[in-house]
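Below is one structure, written out as structure tokens, with a few remarks after it.
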Amino acid sequence: MQPDFGRVLNPQTETPLLKALQSCVQKPHAPFYTPGHKRGQGIPASLAALLGAQVFQADLPELPELDNLFAPQGVIQEAQALAAGAFGADRTWFLTNGSTAGVIAAILATCNPGDKIILPRNVHQSAVSGLILSGAVPIFIQPDYDPTLDLAHSLTPAAIAEALAQHPDAKAVLMVYPTYYGVCGDVAAIAQLAHQHNMPLLVDEAHGAHFAFHPELPIAALTAGADLVVQSTHKVLSAMTQAAMLHTRGDRVKGDRISKALQLVQSTSPSYLLLASLDAARHQMATQGKQLLEYTLQLADEARSRLDQIPGLSTLKPEQAGTAGFIALDRTRLTVTVTGLGISGFAADAILNEQLGVTAELPSLQHLTFIVSVGNTSADLEALVQAFGALAAMQGETAETQRRREKQRPSSLILHPLSFIPPSSLLTPRDAFFAATEAVPVAQAVNRISAELICPYPPGIPVLMPGEVISAEAIASLQTILAIGGTISGCADSSLGTLRIVLC
Ligand SMILES: Cc1ncc(COP(=O)(O)O)c(C=O)c1O
């Protein structure tokens with residue numbers, strides 16, 4: 000266990016890592032270490048013109064004053080302990096390879112080859128990478144699904160209870176909380192169920208690093224009883240891209256094993272720009288988080304209600320929570336349904352981005368999702384509302400035509416994901432990954448074993464995982480999604496002309 004500098008020696012107003020980096024930058028010396036640009040002296044002029052010279056002076060390696068990410072005993076240890084205090088953890092690890100590294104390490108730390116892990120079918124691909132690297136056997140559970148919104152929500156406690164009853168020998172439960180759309184499942188109930196079976200609950204909280212800092216946000220997974228939580232500090236807080244954190248509470252997951260796993264999936268030359276940005280982001284949240292998020296919530300709430308008044312648009316609202324897989328909504332996440340305008344989310348995204356100067360985080364067939372964070376200004380939200388007003392006007396939309404369109408909406412637009420359930424799994428994702436494979440015309444792929452993770456958007460629930468048998472139904476549902484304007488990710492040939500199969 001790390002010493003509790005966060006609560007005893009170092010108050011949250013300190014930034015030990017950032018300060019140490021700053022003093023290294025200011026110390027005059029001749030650099031004979033990596034990186035080769037030598038504190039910016041050799042940086043190409045074109046890059047310096049874009050980024051300025053200053054940033055390169057702080058792009059330093061693991062100098063003695065800067066501690067060591069993989070055996071921290073100095074300023075990194077202090078900064079991580081402060082983060083643990085701020086985020087409600089017993090122990091925190093800084094990550095320089097995103098939540099991707101954290102999710103993989105979480106699986107490697109809890110599962111040996113052949114061990115079972117219970118997880119939702121709509122996991123992020125980093126979890127599938129974790130399955131491949133660890134050799135763990137997935138027990139996939141379908142998430143709750145809203146056919147009206149065509150959105151996959153969270154795992155439900157009932158589904159977890161059933162999986163635990165069938166697989167009491169599993170080694171861990173993993174859940175995604177919140178979803179990309181800000182939808183939160185019942186993490187507290189799921190933690191309790193996992194603990195009743197002596198299993199740790201691992202939470203991919205990539206989109207929820209802000210939850211601990213405002214009482215009107217959904218409960219943070221650690222507070223709700225999760226044992227290990229991975230957060231993309233860069234996604235919703237102010238850290239730099241790729242900077243993330245892994246937190247633990249209690250001792251169901253062994254810290255030594257996490258440290259060892261993280262060494263497998265991170266560079267031995269971690270970027271101090273990223274590490275220092277984690278220290279600064281934690282400091283910002285610990286000292287001003289509530290106030291900043293108060294404003295962010297106000298901006299998002301106002302925009303949500305103004306968007307709802309534009310004919311043809313509707314938004315995902317906190318009042319819609321109330322099912323087992325959707326018990327709360329992160330109000331900073333704006334999901335706007337555009338089908339009432341008679342266009343798809345993809346088409347709306349292209350117009351907003353190319354013509355109206357507003358860029359979404361995630362377009363899908365029916366919706367556009369926007370991340371509103373402490374970095375957004377009222378001008379940004381004004382631009383968003385104005386752009387949607389202009390888009391609606393371009394579509395010649397009125398409340399009356401919207402009602403007509405809603406009635407005419409083709410039922411084929413909604414595909415229930417239960418029709419995607421694959422028949423069976425013959426190989427683990429790891430065995431499928433390492434097997435010899437070949438691409439075959441789609442018609443010849445039926446009853447063969449998939450070498451690919453094939454996931455259509457919508458609804459973002461994989462139809463095929465590596466190692467699963469390719470059924471005719473799975474192919475038909477993928478083809479339907481392509482035909483109605485959806486996208487297929489994960490396969491080498493996204494037009495679905497060929498599929499990659501395992502040779503056996
Ligand atoms: C649910 C979820 N988990 C994990 C990740 C991986 O996060 P990162 O980009 O920080 O590696 C993402 C990225 O989008 C995500 O959406």
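Heads up: the sequence shown begins at 0 in numbering that gives the first Met the number 0, then just goes up one per residue.
Even glycine gets a Cβ: it sits at the ideal position worked out from N, Cα and C.
Three-state class that DSSP yields for residue i in the structure shown
i           : result
residue 10  : coil
residue 313 : strand
residue 326 : coil
residue 456 : strand
residue 498 : strand
residue 54  : helix
residue 243 : strand
residue 439 : strand
residue 508 : There is simply no residue 508 to check, as the chain begins at 0 and stops at 503 in what is shown.
residue 45  : helix
residue 293 : helix
residue 203 : strand
residue 210 : helix
residue 467 : strand
residue 86  : helix
residue 282 : helix
residue 174 : strand
residue 474 : helix
residue 362 : strand
residue 145 : strand
residue 95  : coil
Residues near residue i by beta carbon distance below 6 Å, same chain, minus five either side
i           : result
residue 351 : 357, 386
residue 222 : 87
residue 344 : 337, 362, 363, 364, 365, 366, 367
residue 288 : 212
residue 164 : none
Candidates the options: closest to residue i by CA position
i           : options            : result
residue 470 : 235, 460, 442      : 442
residue 109 : 212, 250, 244      : 250
residue 61  : 287, 378, 106, 72  : 72
residue 310 : 323, 284, 300, 341 : 341
residue 59  : 81, 45, 139, 32    : 32
residue 239 : 220, 278, 266      : 278
residue 147 : 338, 190, 241      : 338
residue 13  : 77, 50, 42         : 77
residue 324 : 189, 275, 273      : 189
residue 280 : 234, 450, 214      : 234
residue 563 : 126, 96, 63, 67    : For the chain, the structure presents residues 0 to 503; residue 563 sits outside this window and is missing.
residue 69  : 485, 256, 474, 429 : 256
residue 21  : 43, 67, 56         : 56
residue 138 : 17, 218, 19, 122   : 122
residue 382 : 393, 306, 346, 430 : 306
residue 215 : 473, 293, 321      : 293
residue 270 : 105, 241, 298, 318 : 241
residue 291 : 267, 209, 246, 321 : 209
residue 119 : 268, 183, 384, 174 : 174
residue 191 : 172, 183, 207      : 172
residue 313 : 275, 384, 259, 354 : 384
residue 187 : 205, 219, 204      : 219
residue 392 : 347, 369, 429, 285 : 347
Cβ distance (whole Å) where residue i is taken to contact residue j below 8 Å
i           : j           : result
residue 326 : residue 114 : So it is not a contact: roughly 30 Å between Cβ atoms.
residue 487 : residue 453 : 6 Å
residue 448 : residue 468 : 6 Å
residue 75  : residue 93  : 7 Å
residue 90  : residue 224 : Wrong, their Cβ atoms sit about 16 Å apart, outside the cutoff.
residue 237 : residue 295 : Actually they do not touch by this definition, with Cβ atoms about 12 Å apart.
residue 179 : residue 315 : About 11 Å; that fails the 8 Å criterion.
residue 264 : residue 96  : 6 Å
residue 243 : residue 230 : 6 Å
residue 129 : residue 159 : Not quite, the Cβ-Cβ distance comes to about 19 Å (not below 8 Å), so this is no contact.
Cut-off 8 Å between Cβ atoms - residues of its own chain near residue i, not counting five sequence neighbours on either side
i           : result
residue 437 : 499, 500, 502
residue 417 : Any reading at residue 417 must be qualified, since the residue scores a pLDDT of 45, below 50, and its modelled position is unreliable; the value itself is stated next. Taken in chain order, the residues that qualify are 141, 144.
residue 36  : 42, 55, 58
residue 494 : 481
residue 491 : 438, 451, 497, 499
residue 168 : 115
residue 380 : 298, 299, 301, 302, 371
Chain B within 8 Å of residue i, Cβ atoms only
i          : result
residue 19 : Protein chain content of the structure displayed is limited to a single chain, and chain B is not contained in it.
Cβ shell of residue i (< 7 Å), same chain only, five flanking positions each side left out
i           : result
residue 459 : 121, 151
residue 477 : 453, 455, 462, 487, 495
residue 38  : 30, 55, 56
residue 49  : none
residue 435 : 502
residue 101 : 94, 229, 243, 245
Is it a yes or a no for the stretch 75–85 touching the stretch 127–145, going by three-plus beta-carbon pairs under 8 Å? no
Per the contact definition of three or more C-beta pairs closer than 8 Å, is the stretch 320–335 in contact with the stretch 189–196? no
Should the stretch 297–315 be called in touch with the stretch 155–164, which here means at least 3 C-beta pairs below 8 Å? no
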